[in-house]
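Protein sequences, first through last, are from chains A and B. The first sequence lines up with residues 1 to 307 when you count with our numbering. The second sequence lines up with residues 1001 to 1301 when you count with our numbering. Note sheet for the following structure.
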Amino acid sequence: MSDSEILFGIYCPPHPQPLLSPEASDGYGKLRDAFETCRKRIEESEADLILVYSTTWPSIIGHQIQGHPEPEWVHVDDDFHYLGSMPYKFKIDTEFAEKFRESAESRGLQSRTVAYDGFPIDTGSIVALKLLNPDNRIPACIVSSNMYANRAETIVLGKSARDAIAAQGKKAVVVVVSSLSNRMFTEHIDPAEDRIHSAKDDEWNKKILEFFGNGRLEDLSQLSREIHGQIRVQKVVAYKPAWWMSAAMGQHNNYTGEVLAYEALHGSGGAVVVLTPSKGSVGDKEFDEDDVEHYHGDRGVLDTGAL
Amino acid sequence: MAKGEIVLGCLAPHPPHVVYAENPEQNEAFAEGGWETLRWGYNRLARKLKSIDYDAMVIFTPHWQTYIGTHFLGLPKFKSKSVDPVFPNLFRFNYDISVDVELAEKMCEVAGESGIVTKMMRNPDFRIDYGTITSCHMLNPEWDKPLVTISSNRNAHYYSPEVMNEQASALGIACSKAIEESGKKVVLISSHSLSHRHFVTESPLPEDMSREHIYNHSQYVWDMKLVDLMRDGKMKEVIDIMPEFTEQTIAETEAGGLTWMMAAMGYPEYPAEIYGYQSVIGTGNLIAAWDPIEATREIVL
């Protein structure tokens, strides 16, 4: 494992309300304030890269990495189009994007950079970058979430990011864009009456935030399959963001965790969390899933062992 | 005013590869061809459509995914560029489309009255999804008919394929009623593949047909089961087994398109016209049509 300098990590929600309608509810306003706190932290840090892993950018052909130097468009969300448009123009660290691709490929992953005018950057990445880095003061990079990838592939992708950060001597802030529970209300609601969809979702979200608050990121990574089964709508094969985040940040529990906000976003759980590497730890747990360094692809069990 | 009617229903898969392979002037990428079985099938169905009198195309698309109800395009014109987020190397299509807003509003209204959560989409910056563009371009490359685009509410994700079947059926019945009340002649388009497991790698030349095949045999067997039922005019049975088919083949029918269209057409008991079946990056794609008029119904393949 490489020795990367990751200044801190941010976990934040993909929904557009904190960007487009923070005044619509107290909760959206608190999330917006938490984004603002993170923005200041980044500004006051020595970061020279913001690396975004977005769960609202699905890919199929391996892992796609934004490689356009200045992607620019006006984005509209599929569900929340009535909240308004999201014009964006970002500054992408294209040299890092290429290095990330190279690192991913060297660990056995299919990966490619995408650099096309008009490429549709996803809602979650736009919300995060516009609120965390509004003046493009720091170059960014965005990586997709492959819809078929499971644990091994996602962990190797996180390690690839870490390799690339180390290889280029970057001081990076890692941003993971994801809800906690992701079940939204299926009808239109008054934002002032927004709440977490169910008591079960709320309870699990608070348990996850307890782990985040204690800096137990690797423990959350180990719990990902359980989280997926308990509170994630089954859109994709697994809840991956904790796998990727922990692998990218070094697979341990040694963080100072800060939960800056936890609020409902049309029923889903939205939290803004900061994890800063520290010396202290809640201790190592006994992890029962193998670590993986290199991705070897599907095992092809259908083709082996047949009579 | 005469009652409106559905004059044809089309199952029209939307892998962007088929537009890419056609090299229309609107698409920036260039191909050396590929996927001819599908493209030639599309070409033949497009010729049939030229012989039919209709006012608008109504398309149900899996790539406008909504979780808060069903949404309808609600502005008369959309002009921009659609870039496929998964295959941007193949599909960067400059579009200029017209929408039948009156018909869209009627569908939204009738669906709402039947208890379905609905919303009109009136943001002018909204980008049209590549599923809508691919299916409509292949069926009508002249783009001389207005569209109604309906989002796919993801009930299969939130509940189950069974709930998807029920809600998509209710939407289909509501849309059928709205079409009748509109007095218009309409072509329905259900835009999706059948089995939908992709390869996660792509050959250096995407149109290299020596690399193209179905993801696995079980997907193929399931797809052929559906084709056989369609040939036999057993569309109610197709919809009845839809939940199992969808789960077994992670089919794109999960979005509800075929269920919606069949419910709107009253579950046809006549044979479907089969125009072609081919895999695209491992997924199973069928082009088929349901012609309610016996005199013009054909045995194509």
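Glycine included, each C-beta is placed from N, C-alpha and C at the ideal position.
Of all the CB atoms in chain B, is at least one closer than 8 angstroms to the CB of A/Gly269? Not one chain B Cβ lies under 8 angstroms of A/Gly269.
(message) Could you compute how far the alpha carbon of A/Lys40 sits from the alpha carbon of A/Arg137?
(response) Roughly 12 angstroms separates the two Cα atoms.
**Request:** Rounded to whole angstroms, what's the CA-CA distance from B/Ile1274 to A/Ala115? Just pull it up for me.
**Result:** Roughly 39 angstroms separates the two Cα atoms.
request  = Report yes or no: do three or more beta-carbon pairs, one from the region 63–77 of chain A and one from the region 1123–1130 of chain B, lie closer than 8 angstroms?
outcome  = Taking a contact to require three or more Cβ pairs closer than 8 angstroms, the region 63–77 of chain A and the region 1123–1130 of chain B qualify as touching.
Using a Cβ-Cβ cut-off of less than 9 angstroms, give me the residues of the region 175–190 of chain A that come near chain B, in sequence order. Arg183, Met184, Phe185, Thr186, Glu187, His188, Ile189
Exercise. Going straight from the alpha carbon of B/Glu1180 to that of A/Pro69, what length do you get?
Worked result: 51 angstroms
Original post:
Counting along the chain, where does the beta strand (DSSP E) carrying B/Trp1035 start and finish?
Top reply: Careful: B/Trp1035 lies outside any beta strand (DSSP E) and carries neither H nor E.
- Query: Going along chain B in order, which residues have a C-beta closer than 7 angstroms to the C-beta of A/Asp79?
  - Reply: Thr1066, Tyr1067, Ile1068
Among B/Gly1112, B/Arg1231, B/Lys1184, the one whose alpha carbon lies nearest that of B/Thr1070: B/Gly1112
Roughly how many angstroms lie between the CA atoms of A/Arg225 and A/Trp243, to the nearest whole one?
Approximately 10 angstroms between the Cα atoms of the pair.
As a quick exercise: from A/Val174, A/Gln110, A/Ala172, pick the residue whose alpha carbon is nearest that of A/Asn146. A/Gln110
* In angstroms with no decimal places, state the Cα-to-Cα distance between B/Gly1009 and B/Lys1177. => 16 angstroms
key: In DSSP terms, what B/Asp1096 is bridged to   = B/Lys1079
Alpha-carbon to alpha-carbon, B/Leu1205 and B/Asp1291 = 37 angstroms
If you follow the alpha helix (DSSP H) that B/Met1057 is in, where does it begin and where does it stop?
Looking at the DSSP string, B/Met1057 is not in any alpha helix (DSSP H); the run it does join, the beta strand (DSSP E), is 1056–1066.
Counting Cβ pairs closer than 8 angstroms, one from the region 47–56 of chain A and one from the region 123–130 of chain A, do we hit at least three?
yes
**Study point:** Contact set between A/Ile231 and chain B, taken where Cβ atoms lie within less than 9 angstroms
**Key:** Near A/Ile231 there are no residues of chain B at all, since even the closest Cβ is about 13 angstroms away, more than 9 angstroms.
Own chain, CB closer than 6 angstroms to A/Ile165, minus 5 neighbours either side, in chain order
Ser4, Ala172
Exercise. Is A/Gln234 close to chain B, meaning its C-beta is less than 8 angstroms from at least one C-beta of that chain?
Worked result: yes
Would B/Val1200 pass as a contact of A/Ile60 if the rule is Cβ separation under 8 angstroms?
With respect to A/Ile60, B/Val1200 sits close: the two C-beta atoms are nearer than 8 angstroms.
### Task
Run the CB neighbour count on A/Val143, radius 10 Å, all protein chains shown included, and call it buried at 16 or more, exposed below.
buried
(message) Contact defined as beta carbons within less than 8 angstroms: I believe A/Val175 pairs with A/Val52. What is the distance between those atoms, to the nearest angstrom?
(response) Between A/Val52 and A/Val175 the Cβ distance is about 5 angstroms, and since that is below 8 angstroms, they are a contact.
Check whether the Cβ atoms of B/Lys1077 and B/Ser1051 sit closer than 8 angstroms, and answer yes or no. no
In the DSSP output, what is B/Arg1211 paired with across the bridge? B/Arg1211 is not bridged to any residue.
Decide yes or no for the touch test of the region 149–169 of chain A against the region 90–100 of chain A: beta carbon pairs closer than 8 angstroms, at least 3 of them. yes
- In terms of residues, what are the limits of the alpha helix (DSSP H) holding A/Met249? Judged by DSSP secondary structure, A/Met249 falls within the alpha helix (DSSP H) whose first and last residues are 241–249.
Exercise for the section: List the DSSP bridge partners of A/Thr276. Expected result: Paired residue(s): A/Thr256.
Nearest neighbour of B/Ala1255, chosen from B/Ser1182, B/Ile1133, B/Thr1134, B/His1192 [CA to CA]:
For B/Ala1255, the closest alpha carbon among the candidates B/Ser1182, B/Ile1133, B/Thr1134, B/His1192 is that of B/His1192.
For B/Lys1081, go through chain A and note every residue whose CB falls closer than 7 angstroms to its CB, in chain order. Gly118
Could you confirm whether any beta carbon from chain B is found closer than 8 angstroms to the beta carbon of A/Val74?
-> For A/Val74, at least one C-beta of chain B is nearer than 8 angstroms to its own C-beta.
Self-check item: Bridge-paired residues (DSSP) for A/Pro69
Solution: Bridge partners of A/Pro69: none, in fact.
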